[in-house]
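So the structure is just underneath, and the comments pick up after that.
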Amino acid sequence: MMLDFYSPDGSVKLTVEDDGKVAYGYLKMDNRIVGDVWLYNRIQAPPKSEWANKANIPFANCEEFVLEGGTILRPVAPNEISAEWENGLDAYVYVREDLFAVVGVGDKPGYARYAASDSPLARVMQIAPET
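Going by my numbering, the letters in the sequence shown line up with residues 115 to 245, in that order.
And the structure:
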């Protein structure tokens, strides 16, 4: 599945790609990727990083870097993903109405809700507790 969401002025596009193994968000300007972020795994997190073998692209995030909730085994429907924009440059990515990631221009990587620690795929996103 591949979905595109455009900023209010149309200058920035967020592409969400879920290939059945892993999902990423790619922020694009003029068809160039200017930000990216891991969203969730669709398979169980591998015990160790897949980064050494380019045949594994796109990489699932490994156990060390995935919090509970960062693996979604049930397929995600296109209508279950949405995006909101701040300043026309920062995309807030929602899955099933829950904030999963924030990615802005220059964020490589962006911030993911279920990132356990910073990695090449995502940085830890701080969520303020609900009051």
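Glycine included, C-beta positions come from ideal geometry on N, C-alpha and C.
### Task
In angstroms with no decimal places, state the Cα-to-Cα distance between Asn-193 and Ala-226.
Here residue 193 refers to the residue found at position 79 of the sequence shown. Here residue 226 refers to the residue found at position 112 of the sequence shown. About 20 angstroms.
### Query
Could you check where the beta strand (DSSP E) with Met-143 kicks off and where it finishes?
For this step, residue 143 is matched to residue 29 along the sequence shown. In the DSSP assignment, Met-143 falls within the beta strand (DSSP E) that extends over 136 to 143.
### Query
Which residues share a DSSP beta bridge with Gly-218?
Within the sequence shown, residue 218 is the residue found at index 104, counting from 1. DSSP output for Gly-218 lists Asp-204 as bridge partner(s).
### Query
Are there three or more Cβ pairs, one per stretch, closer than 8 angstroms when the stretch 203 to 223 is compared with the stretch 169 to 181?
With a cut-off of 8 angstroms, the stretch 169 to 181 and the stretch 203 to 223 do not count as touching, because too few Cβ pairs lie within range.
### Task
List the residues that DSSP assigns as beta-bridge partners of Leu-153.
Along the sequence shown, read from residue 1 onward, the residue named residue 153 stands at position 39. None, per the DSSP bridge assignment.
### Query
When the Cα atoms are used, what is the spatial distance from Ala-242 to Tyr-138?
By one-based count along the sequence shown, residue 242 stands at place 128. By one-based count along the sequence shown, residue 138 stands at place 24. For the pair Ala-242 and Tyr-138, the Cα-to-Cα distance works out to about 23 angstroms.
### Query
Can you give the Cα-Cα distance for Ala-174 and Leu-117, rounded to whole angstroms?
Counting from 1 along the sequence shown, the entry for residue 174 is found at position 60. Counting from 1 along the sequence shown, the entry for residue 117 is found at position 3. Using only the alpha carbons, I get a separation of about 19 angstroms.
### Message
Need the endpoints of the beta strand (DSSP E) that Thr-129 sits in, please.
### Response
Taking the first residue of the sequence shown as 1, we reach residue 129 at position 15. Counted as a single uninterrupted DSSP element, the beta strand (DSSP E) harbouring Thr-129 occupies residues 127 to 132.
#### Entry: Backbone CA spacing between Val-190 and Phe-214 [nearest angstrom]
Numbered from its first residue, the sequence shown carries residue 190 at position 76. Numbered from its first residue, the sequence shown carries residue 214 at position 100. The C-alpha of Phe-214 is placed about 13 angstroms away from the C-alpha of Val-190.
### Within 8 angstroms, strictly: CB atoms of Val-216 and Leu-141
As a first step, residue 216 must be located in the sequence shown, where it is residue number 102. As a first step, residue 141 must be located in the sequence shown, where it is residue number 27. Between Val-216 and Leu-141, the CB-CB gap reaches or exceeds 8 angstroms.
#### Entry: C-alpha gap between Gly-124 and Trp-152, whole angstroms
What you label residue 124 is simply residue 10 of the sequence shown in a count that begins at 1. What you label residue 152 is simply residue 38 of the sequence shown in a count that begins at 1. Here the alpha carbons of Trp-152 and Gly-124 stand approximately 23 angstroms from one another.
### Task
Assuming Arg-210 contacts Gly-224 (C-beta within less than 8 angstroms), just tell me the rounded distance between them.
To locate residue 210, count along the sequence shown from 1; it is residue 96. To locate residue 224, count along the sequence shown from 1; it is residue 110. Contact between Arg-210 and Gly-224 fails: their C-beta atoms lie close to 19 angstroms from each other, not under 8 angstroms.
### Task
May I ask you to report which of helix, strand or coil DSSP gives Ala-169?
Looking up residue 169 in the sequence shown gives position 55. Of the three classes helix, strand and coil, the one that applies to Ala-169 here is helix, per DSSP.
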